[in-house]
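Colleague: Please find one structure pasted underneath; my questions will follow.
2 protein chains.
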Amino acid sequence: MFSKTCEYGIKAMIFVAQKSKDGSRVGIKEIAKGTDAPEHFVAKIMQELGRKKLVHSVKGPNGGFYMDQFDLQTSLADIVRALDGNSIYSDCVLGLKTCNEKKPCPVHDQYRDIKKNLIKMIEENTIGDFNNKLDSGKFFLVN
Amino acid sequence: MFSKTCEYGIKAMIFVAQKSKDGSRVGIKEIAKGTDAPEHFVAKIMQELGRKKLVHSVKGPNGGFYMDQFDLQTSLADIVRALDGNSIYSDCVLGLKTCNEKKPCPVHDQYRDIKKNLIKMIEENTIGDFNNKLDSGKFFLVN
DNA sequence: ATATAAAAAGATAAAAAACTCTTTTTATAT
DNA sequence: ATATAAAAAGAGTTTTTTATCTTTTTATAT
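In order, the protein sequences belong to chains Z and D. Quick note on this note's numbering: the first sequence kicks off at 163 and runs consecutively. Quick note on this note's numbering: the second sequence kicks off at 163 and runs consecutively.
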């Protein structure tokens, strides 16, 4: 579904949002531990998300990653697009180069609704949305 | 979503089903062309599906792959499991090692329904089901 | 029986994804 | 001003996936 890169990216973003509520910053090591991801790998991912302006960072002592109010509006879809591109929106589930209403693949019709819900799921959830739920132990980033 | 192996496998199976309606057999070259797949790669895939008894084959002149009435009952899910394993059934969409009702990941609840529909889609469609539709040009395996 | 055409099997190669290590840059506190 | 701690950048490695090539086996037709 999503690449490892994207999985780590989403979890890291949720983790940073959570930790930066009070204005503090989180280092890569803490992010890696808190989301059970390989440190250097998730560092690269955060770098990329920083370049794409989905998260802020500061270097040096007391530096780290953080999110402002605007960053909290980032949807899962924004992260997915930043890391995995548009394939989830555009690709045929059977890999046909072009697959559409006029020239559909064998499962095009049945996949249409599933895809719609998948896209809805990532579009409608913002990183900020998760903040409250995570506090109350309603879900987890590591098991 | 599915691996390339699985995409090619599904298309190949539909193609073979289609061609073996009249009891004839299809060679790998024809399968590869008919589904726009790399010949040697799809050969490996068909080999594996043969080993797992989802399709029949005969060697030698006039040989090739074919399906009997029983093979036509094969669901997409059977093919997916044979080639991609159970990950679509069991894996957390964010890659958590364990993610369930008691210890859910942040999108567990929302993904539950999507997953259910995805599984329904592959469980409920058999290879035989596609035979009629393909004839009438209602869908395509290549674009 | 023999030649042949096809899949099966085995080995290798190329590309992509996942992951790691090293060096450089830079913001901050002292 | 300087030391330091952190991210950024760059380069490299490993693993997995995708794809290809070669040899072997075997069913069939002649």
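Positions of the beta carbon are idealized from the N, C-alpha and C atoms, including for glycine.
From Z:Ser-165, Z:Glu-286, Z:Gly-212 and Z:His-202, pick the residue whose C-alpha is nearest to that of Z:Val-178; which is it?
Modeller: Z:Gly-212
Colleague: Considering just the uninterrupted stretch of the alpha helix (DSSP H) at D:Ser-252, what are its terminal residues?
Modeller: Segment 249–252, the alpha helix (DSSP H) holding D:Ser-252.
Colleague: Can you name the residues of chain Z whose CB is closer than 8 Å to the CB of D:Gln-272?
Modeller: Contact annotation for D:Gln-272 against chain Z: Met-283 and Asn-287 [CB-CB distance below 8 Å, chain order].
Colleague: Who does D:Phe-152 pair with in a DSSP beta bridge?
Modeller: Only positions 163 to 305 of chain D appear in this structure, which leaves residue 152 of chain D out of reach.
Colleague: Pair every Cβ in the stretch 181–192 of chain Z with every Cβ in the stretch 248–265 of chain D, then say whether three or more of these pairs are closer than 8 Å.
Modeller: no
Colleague: Apart from the five residues just before and just after D:Asp-230, which ones in its own chain have a Cβ nearer than 8 Å to its Cβ?
Modeller: His-218
Colleague: Quick check on Z:Asp-240: buried or exposed, where buried means 16 or more other Cβ atoms within 10 Å of its Cβ?
Modeller: Z:Asp-240 should be labelled buried.
Colleague: Listing by chain order, which chain Z residues have their CB less than 7 Å from the CB of D:Met-163?
Modeller: Ordered by position in chain Z, the residues that pass the 7 Å Cβ test against D:Met-163 are Met-163 and Val-255.
Colleague: Of the residues that make up the stretch 231–251 of chain D, which ones have a beta carbon closer than 7 Å to any beta carbon in chain Z?
Modeller: none
Colleague: Is there contact here, the stretch 165–173 of chain D with the stretch 192–203 of chain D, by at least three beta-carbon pairs under 8 Å?
Modeller: yes
Colleague: Just list the beta strand (DSSP E) runs in the stretch 199–231 of chain D, keeping only unbroken ones of 3 residues or longer that don't cross its boundaries, in chain order.
Modeller: 218–220 and 226–228
Colleague: On the criterion of 16 or more Cβ atoms from any shown chain inside 10 Å, does D:Asp-271 qualify as buried, or is it exposed?
Modeller: exposed
Colleague: Start and end of the alpha helix (DSSP H) containing D:Lys-389?
Modeller: Here chain D has residues from 163 to 305 only, and residue 389 of chain D is not among them.
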